[in-house]
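J.: Below are the C-alpha cells for one structure; questions will follow.
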Amino acid sequence: MLNKIKFRSPRFPPKHFRNSVLLLTVLGWIVIFGQWFSYQGNQLKGYTDEEILSQELSDTAEVERFNLEQDDILQVILKHLDVHDVPKPRDMHSTVYDRILQNHKLGSVLGDLSYDERCNLFFSNIYASDLDWFVDPEFWFPSHSGTGFTLDFDDFKSQKKQEVREIIANDKRISPDAVDDEELENRLMVRYKFALARVTANEQKAADYISLVRNFNRCYLSSISKVQSTSDEEFVKKQSKFINSFHSSEEQTGKLEPFTPTLEESYIGHNIKLNRRELETRIYRWMSLTYPLYERWNGEKLFSPPVMSNYIKDKTVLKSSSKDHEKFGKIKSSKDSHEKCFLQNFRENINGKGLVLTISDSHVDDAVRLIHVLRALNNKYPIQFVSYDGLSPTSKKRLIHAAREIFADLPKSFEKVHQYFPDNYLDDKTGGLPKQEIWFVNVRNVIRSNYRFKFGGYSNKFLAAMFNSFAEYILLDADSVPVQNPEYFFNLPGYKEKGAFFYKDRKAFVFRADEDGDLFKILAPTAVDYAMFNIPLMSDEHLKIPFFEGMYHQMESGLVVINRNLHFSSTLMMIHLNFFHSVTEKLHGDKELFWLGFLINGDNDFVFNSLDAAAIGDEKAMIRPDTNEKTRAHRVCSTHPGHIDGYDNQTLLWFNSGYKVCGKPLVKSWQDEFEKNTLFPEIKLPEELKTFYESPFKIKKAVVPPFLGKLHCFFPNPDHEPDKAWIMEEQCGGYIWCAHSFLGKLEDEEAQLQGRTGIYVEFDQKSQDLYSYFGDIWMGAE
Numbered sequence: 001m002l003n004k005i006k007f008r009s010p011r012f013p014p015k016h017f018r019n020s021v022l023l024l025t026v027l028g029w030i031v032i033f034g035q036w037f038s039y040q041g042n043q044l045k046g047y048t049d050e051e052i053l054s055q056e057l058s059d060t061a062e063v064e065r066f067n068l069e070q071d072d073i074l075q076v077i078l079k080h081l082d083v084h085d086v087p088k089p090r091d092m093h094s095t096v097y098d099r100i101l102q103n104h105k106l107g108s109v110l111g112d113l114s115y116d117e118r119c120n121l122f123f124s125n126i127y128a129s130d131l132d133w134f135v136d137p138e139f140w141f142p143s144h145s146g147t148g149f150t151l152d153f154d155d156f157k158s159q160k161k162q163e164v165r166e167i168i169a170n171d172k173r174i175s176p177d178a179v180d181d182e183e184l185e186n187r188l189m190v191r192y193k194f195a196l197a198r199v200t201a202n203e204q205k206a207a208d209y210i211s212l213v214r215n216f217n218r219c220y221l222s223s224i225s226k227v228q229s230t231s232d233e234e235f236v237k238k239q240s241k242f243i244n245s246f247h248s249s250e251e252q253t254g255k256l257e258p259f260t261p262t263l264e265e266s267y268i269g270h271n272i273k274l275n276r277r278e279l280e281t282r283i284y285r286w287m288s289l290t291y292p293l294y295e296r297w298n299g300e301k302l303f304s305p306p307v308m309s310n311y312i313k314d315k316t317v318l319k320s321s322s323k324d325h326e327k328f329g330k331i332k333s334s335k336d337s338h339e340k341c342f343l344q345n346f347r348e349n350i351n352g353k354g355l356v357l358t359i360s361d362s363h364v365d366d367a368v369r370l371i372h373v374l375r376a377l378n379n380k381y382p383i384q385f386v387s388y389d390g391l392s393p394t395s396k397k398r399l400i401h402a403a404r405e406i407f408a409d410l411p412k413s414f415e416k417v418h419q420y421f422p423d424n425y426l427d428d429k430t431g432g433l434p435k436q437e438i439w440f441v442n443v444r445n446v447i448r449s450n451y452r453f454k455f456g457g458y459s460n461k462f463l464a465a466m467f468n469s470f471a472e473y474i475l476l477d478a479d480s481v482p483v484q485n486p487e488y489f490f491n492l493p494g495y496k497e498k499g500a501f502f503y504k505d506r507k508a509f510v511f512r513a514d515e516d517g518d519l520f521k522i523l524a525p526t527a528v529d530y531a532m533f534n535i536p537l538m539s540d541e542h543l544k545i546p547f548f549e550g551m552y553h554q555m556e557s558g559l560v561v562i563n564r565n566l567h568f569s570s571t572l573m574m575i576h577l578n579f580f581h582s583v584t585e586k587l588h589g590d591k592e593l594f595w596l597g598f599l600i601n602g603d604n605d606f607v608f609n610s611l612d613a614a615a616i617g618d619e620k621a622m623i624r625p626d627t628n629e630k631t632r633a634h635r636v637c638s639t640h641p642g643h644i645d646g647y648d649n650q651t652l653l654w655f656n657s658g659y660k661v662c663g664k665p666l667v668k669s670w671q672d673e674f675e676k677n678t679l680f681p682e683i684k685l686p687e688e689l690k691t692f693y694e695s696p697f698k699i700k701k702a703v704v705p706p707f708l709g710k711l712h713c714f715f716p717n718p719d720h721e722p723d724k725a726w727i728m729e730e731q732c733g734g735y736i737w738c739a740h741s742f743l744g745k746l747e748d749e750e751a752q753l754q755g756r757t758g759i760y761v762e763f764d765q766k767s768q769d770l771y772s773y774f775g776d777i778w779m780g781a782e
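So for the sequence shown, UniProt numbering puts the first residue at 1; every next one is plus one.
Below, the structure written as C-alpha cells:
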C-alpha cells in the first residue's frame, strides 16, 4: 500500500526576485542553445554533402522495404477481382507490412488467416517493434509544398542553381562565374536526393500514422456491423480459396506453405484480442474515452447518448432512411461484449435522426434565426447544439426561447403561402409554429486536457460530427438557411443509396499546386490494405474530382448529411487529418476534410450533388454596347452560394450566409462603398445602400455557371459575352460574386455552345412567395 504524502504550500520569495531569477534562466538557455547550434554547424562543415546525406538518411533504413507493387500474389489477386489502384507518385504502404513480410510470405497470410487473425497480426507487429508505441496527435511532418522543392530534378535545378553556385563560390572564396559546372551539377544532385529522401521519409511516417488509424477503424469499429462483418468474412473465404487453388496449379510452387506465427506474434496477438480498450487508448490518445454531457432544454442531463424515441412523439421521424442502412446498423453478437472498447459502445448507442449545429456564444444570433426558420419549415427532428466548452446561460436561454416559446405572430407574407402547409402546421392550442426538441452537447470532457489546444475554430465541426448522439444527422452551419423541410434531405436518392450526401462549392477559378493532390493519394488505402482488410481503393472516378486536377474549392460544408451506421469511423478520420498542418495548409477551412476523410479511411460511399453552387437572387442584365441588346448570358450577383437539387435542376434546397443582402459588409465609409456601387443602380444615396444591405434579399433567379475543367477557364470573345464563369465584385467587402450562365463567342457549333452553357433557373411564384416568407421569419426579431 502506498504511503500517503502531504504536500505543504511552499513559501515563495518576493516577486521582483522571482522575476530576476526567471530572466537569468532564460538568458542562460539562450546562450546554451546558441553554443549548441554553433557546435552543430561546425560539426557539419567537416563533412561532404554525400556524408551528410548518408548520415541524415541512416535512420530510414531500419526496416527492409518490400516492393508490393510487383508482388506476384498481390497482383494475381487484384487481377482476379478486377481491382486496380489509382496511379500514385510513390508506393507508401505501411511499414508494418514490411515487418510482417520479413517473417511470412504474403500468400500464407492471405491464404491461411481469418479476418480477426489478420487484425491481430498487424497490431502485434507494431507492439513487437515498440512496446511503447502510440499514435501521437502532435505528430508533425513538413510538407515540400511552398518550400521551393519540386519532385522533378530539372525544375529543382532551375530553382536552386544560382543559390548553390553562390554557396560553392562562398565556400571556395571564388567568383560565382568560376564555379565548375560539373561540381555544380553534382552538388545539385546531392541536394536534390537529400530533399527527395526527406520528403519521402516524412510522407512514409504520415502514411504509417494514417494506416494505424484506418486499420483500427476497420478491424474494431466497422467490423462490429453484422453486415460488414459478414462481408469481410466472405471476402477472406473467397480470397483464401483462390490463393490455395492458384498455388496448387503452379507446379513450381506446389502446396501453399501454412502460416506459422512467430513467438512474439503468438503472445502479443492473444493479448491484443483481450485488450482492445488498451489498443484504443494508443490509437485515440487525444480522447478521454468518456461521453460528452447531453443536456435537454428542460435541464435534464445525461452522460450517455439519449434515446431519442423517449422524447419524440412522432416515432416515424426517427426511422432509418433506408432498409439497407438499417440492416447495416445492426450489431453482430459477441461473446466478449464486456471487453468492448469505448468507441464500439458509442457506435452501438447512437440512435435516431436529427439536426446538428456546432456553435459558440458568438453564433447565437444566427442560430436563433435558423431555429425560427426550422419552425417555419415544420421541422419534426430533434436539434443538438454542440459546443467545445459549453454555452453561457444567456445563450442557452435565448436558444430555448427561440425553440420553445409560442410563435404565433407570423409575418404578413404567410397569407400567400399558408395553403402549402399541412392542416396541423400551426398548433391547435396556440396557433403558433411547432416547438423544437433541442439539446446542448458539451464535448470538453471528451478531449484529454493536454490535447485540447488541438481543437478550436472550424475543427469543432468535426467534434460535432463525431459526438452528437444521432445515427443519421444533418450537420448545419449557424448561418445556413434550408428552404426545404429536413426530411427532404434524408430522402435524397444519393443519400438513401450511399448514406452520405455532400454539396459542391462555387467553381471559382482559384487553383492549387499540382502536387498538393499527391499527398492525399499517398495517404489513401494501398493495394495491400485492400488485400488484407477489404478496404476499398480510391477509384479513377475520384481522380476526376476537380480537386485532383488542381481546383482549390470542391465542397461547401454548410449542410452535410451523414448516416453513421455506415460511416462512423470516417468522421474519426476527419479529426486525425485535421491534426496534420501539412494537410490543413493545403485546404480552406474544414470543407474538404469531409470527403477526403472518407476517401482516406477507405470509405467511397458518398455522393456529391451533381450541380456546383449557384448564385441566387435576381438577374442583373448585361447589355451589349454594340447592339444595345441583352447578352445570351444571364447574370446573377449575390453574397449567397445556393444549392439547386441536381435531380431536377430546379429546386432550391439551401443557401449560405443568412438572408441579408450583405451579411458581412465590413464597411468603413458608406460614401466609399456607394462609389463602388455598379450592381444596384436604383440605389441613389449612401444611406439607402446601408439600408439595402441590411434588408432580406429576394430569390427570383439562380445561375450555375458552366465548368469545363481547369484548362478551360477563360473565353475571350468579340461578342461582349462573359469570358469567366465567376467574377468577384468589390462591394460588400468582396463577398458578392456574379455568376454567368454562358461563356464565350456565339458563332460556334451548337455542341460547343451547349458545353459553355450552365443552368439558369427562374423560380415560380409559389417558390418566390415561400422564400419571401422564410426570409421574413429569418429577419424577424425574437
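Where a beta carbon is used, it is the ideal one built from N, C-alpha and C, also for glycine.
Run through the region 440–509 for me and flag every whole alpha helix (DSSP H) of 4 or more residues, listed as ranges in chain order.
T.: Taking only runs of at least 4 residues, the alpha helix (DSSP H) segments lying wholly in the region 440–509 are 460–467, 486–490 and 493–498.
J.: Can you tell me whether DSSP reads T262 as helix, strand or coil?
T.: T262 falls in the coil class under three-state DSSP.
J.: W297 and I400: beta carbons closer than 7 Å?
T.: Going by C-beta atoms, W297 is nearer than 7 Å to I400.
J.: Tell me whether H720 sits in a helix, a strand or coil according to DSSP, three-state version.
T.: Three-state DSSP puts H720 in coil, outside helix and strand.
J.: Following the continuous alpha helix (DSSP H) through Y381, name the residue where it begins and the one where it ends.
T.: That residue, Y381, is in no alpha helix (DSSP H); it is neither H nor E in DSSP.
J.: Once DSSP output is grouped into helix, strand and coil, what is the label at Y294?
T.: Note: Y294 maps to strand in three-state DSSP.
J.: Could you give the distance in angstroms between the alpha-carbon of P292 and the alpha-carbon of V364?
T.: The straight-line gap from Cα to Cα measures roughly 21 Å.
J.: Would you list the residues sitting across from F742 in a DSSP beta bridge?
T.: The partner list for F742 (beta bridge, DSSP) reads T757.
J.: According to DSSP, is C662 part of a helix, a strand, or is it coil?
T.: In this structure, C662 counts as coil in the three-state DSSP scheme.
J.: When you compare only the Cα positions, how much space is there between K679 and P665?
T.: Note that residue 679 corresponds to Leu in the displayed sequence, not to Lys. Between L679 and P665, the C-alpha separation is close to 15 Å.
J.: With respect to the alpha helix (DSSP H) encompassing N120, which residues constitute its N-terminal and C-terminal limits?
T.: Where N120 is concerned, the enclosing alpha helix (DSSP H) stretches over Y115 to S129.
J.: What residue from K340, E182, F259 and V636 has the CA that sits closest to G107's CA?
T.: Minimum Cα distance to G107 is reached at F259.
J.: In its own chain, which residues sit with a C-beta less than 6 Å from the C-beta of S767, not counting the 5 before and 5 after it?
T.: Cβ neighbours of S767 beyond the five flanking positions: none.
J.: Could you tell me whether the Cβ atoms of H740 and R635 are closer together than 7 Å?
T.: Yes; because the gap between Cβ atoms is below 7 Å, this pair is in contact.
J.: If you draw a straight line from the alpha carbon of K529 to that of F520, how long is it in whole angstroms?
T.: Lys is not the amino acid found at residue 529; the sequence shown has Asp there. Spanning the two alpha carbons is a distance of roughly 16 Å.
J.: Evaluate the contact criterion for the region 419–433 versus the region 374–390: three or more CB pairs, one atom per stretch, below 8 Å.
T.: With a cut-off of 8 Å, the region 374–390 and the region 419–433 count as touching, because enough Cβ pairs lie within range.
J.: Of the choices T95, A197, N217 and R285, whose alpha-carbon is the least far from that of V446?
T.: That would be R285, whose Cα lies nearest to the Cα of V446.
J.: Given that a residue counts as buried once 16 or more other Cβ atoms are within 10 Å of its Cβ, and exposed if not, what is K507?
T.: Buried is the call here.
J.: Would you give the residue range spanned by the beta strand (DSSP E) that T358 belongs to?
T.: Taken as a continuous stretch (DSSP letters only), the beta strand (DSSP E) holding T358 covers K353 to T358.
J.: Helix, strand or coil for P176 per DSSP?
T.: Residue state, collapsed to three classes: helix.
J.: What is the DSSP secondary structure of I100, reduced to helix, strand or coil?
T.: In the structure shown, I100 sits in a helix (DSSP, three-state: H, G or I).
J.: With DSSP as the reference, label W778 as helix, strand or coil.
T.: Correct three-state label for W778: helix.
J.: Between which two residues does the alpha helix (DSSP H) carrying H372 extend?
T.: That run of the alpha helix (DSSP H) goes V364 to A376.
J.: Going straight from the alpha carbon of D748 to that of A633, what length do you get?
T.: Their Cα atoms are separated by approximately 15 Å.
J.: Using the C-alpha atoms, what's the distance from M538 back to F85?
T.: Residue identity differs from the one stated: residue 85 is Asp in this sequence, not Phe. Taking the straight line joining both Cα atoms gives about 7 Å.
J.: Going by C-alpha to C-alpha distance, which of D477, Y473 and V483 sits closest to residue 784?
T.: The shown model of the chain, from 1 to 782, leaves out residue 784, and the question about it has no answer.
J.: Rounded to the nearest angstrom, what separates F66 and K327 at their Cα positions?
T.: For F66 and K327, the distance between alpha carbons rounds to 40 Å.
J.: Which residues in the same chain as N351 place their Cβ atom closer than 8 Å to its Cβ, once the five residues preceding and following it in sequence are excluded?
T.: The answer, listed in chain order, is P305, V307, M308, S309, L318, S469, F470 and A471.
J.: What do you reckon, are the CB atoms on A614 and I644 nearer than 7 Å?
T.: In contact: A614 and I644 (Cβ atoms closer than 7 Å).
J.: Thinking just about the alpha-carbon of each residue, which of L131, G589 and K353 is nearest to the one in T316?
T.: Nearest of L131, G589 and K353 to T316, Cα basis: K353.
J.: Please report the straight-line C-alpha distance between K504 and W778, rounded to a whole angstrom.
T.: Approximately 24 Å, taken between the alpha carbons.
J.: Alpha carbon to alpha carbon, how far is K340 from R756? Give it in angstroms, no decimals.
T.: R756 and K340: Cα-Cα distance of roughly 56 Å.
J.: Please determine, among S360, D366 and D409, the residue with the shortest C-alpha to C-alpha distance to P393.
T.: Comparing Cα positions, the closest option is S360.
J.: Mind checking whether V213 and H576 have CB atoms under 7 Å apart?
T.: Yes, these two residues count as a Cβ contact at 7 Å.
J.: Please classify E556: does DSSP put it in a helix, a strand, or coil?
T.: Note: E556 maps to strand in three-state DSSP.
J.: Please state if the CB of G775 and the CB of Y659 are separated by a distance shorter than 7 Å.
T.: Yes.
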